[in-house]
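Notes for the one structure printed next.
Protein chains: 2
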Amino acid sequence: MSSAADKAYTGIRSLILDGTLPPGEQLKEEELAERIGVSRTPIRDALRRLEAEFFITRSDSQRSFVADQSVEDIDEIFTLRAMLEGHAAARAATVGGAALATRLREIVDKAGNGGDVDAFLDHNADFHAEIIAGAGSDRLATMLARLVSQPIVHRTARVYDKGQFERSLFEHRELVEAIERGDAEWARSVMTSHIRRAFHVFEEAAQALKREK
Amino acid sequence: MSSAADKAYTGIRSLILDGTLPPGEQLKEEELAERIGVSRTPIRDALRRLEAEFFITRSDSQRSFVADQSVEDIDEIFTLRAMLEGHAAARAATVGGAALATRLREIVDKAGNGGDVDAFLDHNADFHAEIIAGAGSDRLATMLARLVSQPIVHRTARVYDKGQFERSLFEHRELVEAIERGDAEWARSVMTSHIRRAFHVFEEAAQALKREK
DNA sequence: ATTGCCAGTTTTGTATACAATTATTCGAAA
DNA sequence: TTTCGAATAATTGTATACAAAACTGGCAAT
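Chains A and B are the protein sequences, given in the same order.
Numbered per the working numbering, the first sequence spans residues -8 to 204.
Numbered per the working numbering, the second sequence spans residues -8 to 204.
Printed below as a string of structure tokens:
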């Protein structure tokens, strides 16, 4: 991908993810351009992209703001994700066949069951990507990509403890089994629960964090 | 909205909708700029927007092409739309309350039951917009807006006959009733059928068109 | 005190020139 | 004929200057 626009995209994204630009903050093209070290043109591109991915919202007068991340917003994202990805799993079970099941099993087998957060995140990303690809729907894949690039989704896994990693892996294995047998509704259910559970883990962690303060 | 970018967006959209730019055709920024009468900058904006709405796709080297519209593509769009809008209806039934039901009933009552295609399209757009707004989920609304702006969705109603308009109105009334009673699953089912039926109407019309040739 | 409006400031929109990348053509070698 | 590569053309990317629009603050009228 083009260098400056990519730099702008990842740069702004990082500033949002690490909290430098908090929710509600206005994003000014010129300021960002100076900060990232590119001109306004690639910044504008990046803002459009981030808007498509729900990272930022635009006012009616075209001003950009960092999107909210209230618990309601997160709930909304997880709900949509559960629905869309449940659908992806169902379709994958229908059209993926044995080949998909084999690829998924390989990914699951490679996953260490240790507590390495980054290793789990890699495995998790691979696994979900394979299922989404297996569903064979470009638009579905695009919509999910836009939803899942949301900051909060990334952070959720950080609050997982060892037991939750294991539980996730167990669910992944069950999903492989469902897909192996071509049972669409089983696959959908497992995926839906898998994602809804992730939401509640996050929710509890967020509340615990709030109590600490 | 800004004038040139808007002109570019609607201009390119029209060129795609009326078939001047057929599926698969490459869109060249400079050529479009000349054609529409603006510079490349607003054209680029418009292309990004049209990409978000699945009107165009980009190659790995960032070249833009008019998106395919095979029956499979249409099926995919209607399937996603049925799922998302079914969810919207369910949520609307849960959170919308009597106020939403009243607004919906007004829209339905205002709809003439004659065969005026444009009048029906207006009513239909209003009705669905009200339900989506009633669901109170910005991201869901955004995703649906992107899906439904697809060319084919617009064209579907054109092939409706009088009986199908009446059937649509009937379903709208049933939806109001479900929302009035706060029955989320009833609302979801009616909406899902409503949209899936629309798909099959389109599908048949497409096949009939093919046979004529 | 409140409202409305005007001037100044800030921010985004647009055009355009040039740079970088990607595709294509054409000819030479196998 | 086919394939490879270099030259050339076509296309998209980026920076920048200027235009247009939106916001802000203060002042006047009520």
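Where is the CB? At the ideal position from N, CA and C, for every residue including glycine.
ask   = Where B/I27 and B/P33 are concerned, what is the direct C-alpha to C-alpha distance, given to the nearest angstrom?
value = 10 Å
ask   = With 9 Å set as the bound, which would you pick, yes or no: does the beta-carbon of B/H180 sit closer than that to a beta-carbon of chain A?
value = The residue asked about is misnamed: residue 180 of chain B is Ser in this sequence, not His. It does not: the Cβ of B/S180 has no partner Cβ on chain A nearer than 9 Å.
ask   = Taking just the CA atoms, how far does B/R158 sit from A/E44?
value = Rounded to whole angstroms, the separation of the alpha carbons of B/R158 and A/E44 is 37 Å.
ask   = So which residues of chain B does A/H78 contact, with C-beta pairs closer than 9 Å?
value = T70, L71, M74
inquiry  = Output needed for A/A(-5): all residues of its chain with C-beta closer than 7 Å, excluding positions within five of it in sequence on either side, in chain order.
reply    = Taking C-beta separations shorter than 7 Å and ignoring five residues to either side along the sequence, the partners of A/A(-5) in its chain run V29, P33, following chain order.
query = So, is B/G15 buried or exposed, given that buried needs 16 or more other C-beta atoms within 10 angstroms?
reply = Residue environment for B/G15: exposed (fewer than 16 other C-beta atoms within 10 angstroms of its C-beta).
inquiry  = Distance check for B/A84 and B/I68, CA to CA, integer angstroms please.
reply    = 24 Å
key: Within chain B, partners of A/A43 - CB distance below 7 Å   = A43
request  = Compare the C-beta of B/E67 against all C-beta atoms of chain A and say whether one is closer than 9 Å.
outcome  = B/E67 counts as touching chain A.
request  = Output yes or no for whether 9 Å exceeds the beta carbon distance between B/A209 and B/R179.
outcome  = With chain B represented from -8 up to 204, any question about residue 209 of chain B goes unanswered, as that position is not in the structure.
inquiry  = Let's see if you can read the secondary structure: which residues bound the alpha helix (DSSP H) around B/V181?
reply    = The continuous alpha helix (DSSP H) containing B/V181 extends over residues 175 to 203.
query = Just curious, the alpha helix (DSSP H) that B/R94 is in, first and last residue?
reply = 88 to 101
query = Can B/H163 and B/L95 be called in contact, C-beta distance under 9 Å?
reply = yes
key: Cutoff 8 Å; reference B/V86; Cβ partners in own chain excluding five residues on either side   = G125, A126, G127
inquiry  = So with CB distances below 9 Å, who are the chain A contacts of B/L135?
reply    = Ordered by position in chain A, no residue passes the 9 Å Cβ test against B/L135, which lies about 10 Å from the chain.
ask   = By Cβ distance, which residues of its chain are closer than 7 Å to B/D117, with the 5 residues on each side in sequence left out?
value = I98
key: According to DSSP, residues forming a beta bridge with B/Q17   = B/F56
request  = Leaving aside the five residues before and after A/S50 along the sequence, list all residues of the same chain whose C-beta is less than 8 Å from its C-beta, in chain order.
outcome  = F56
task = Give the C-beta separation of B/V213 and B/A92 to the nearest angstrom, bearing in mind that I take them to be a contact with Cβ-Cβ under 8 Å.
result = One cannot answer for residue 213 of chain B here, as it falls past the ends of chain B, which runs -8 to 204.
key: Closer than 9 Å to chain B by CB, A/S159   = no
inquiry  = Any beta carbon of chain A sitting closer than 9 Å to that of B/R130?
reply    = yes
request  = Would you kindly work out how many angstroms separate the C-alpha atoms of A/E165 and B/H78, rounded to a whole number?
outcome  = 26 Å
ask   = Does the Cβ of A/L71 have 16 or more other Cβ atoms within 10 Å, making it buried, or fewer, making it exposed?
value = buried
task = List the DSSP bridge partners of A/I47.
result = Bridge partners of A/I47: A/V57.
query = Within the 9 Å Cβ cut-off, does A/R172 reach chain B?
reply = no
ask   = Interface residues of chain B around A/R4 at Cβ under 9 Å?
value = None at all; the shortest Cβ gap to chain B is about 17 Å.
query = Is DSSP giving B/Y151 helix, strand or coil here?
reply = coil
inquiry  = Whole angstroms are fine: how far does the CA of B/Q17 sit from the CA of B/E194?
reply    = 27 Å
inquiry  = According to DSSP, simplified to helix, strand and coil, what is A/R172?
reply    = coil
Contact set between B/R94 and chain A, taken where Cβ atoms lie within less than 8 Å = Simply none; closest approach about 22 Å.
query = Looking at C-alpha atoms only, which residue of A/K201, A/D59, A/D36, A/R40 is the closest neighbour of A/A136?
reply = If you compare the alpha carbons of A/K201, A/D59, A/D36, A/R40 with that of A/A136, the shortest gap goes to A/R40.
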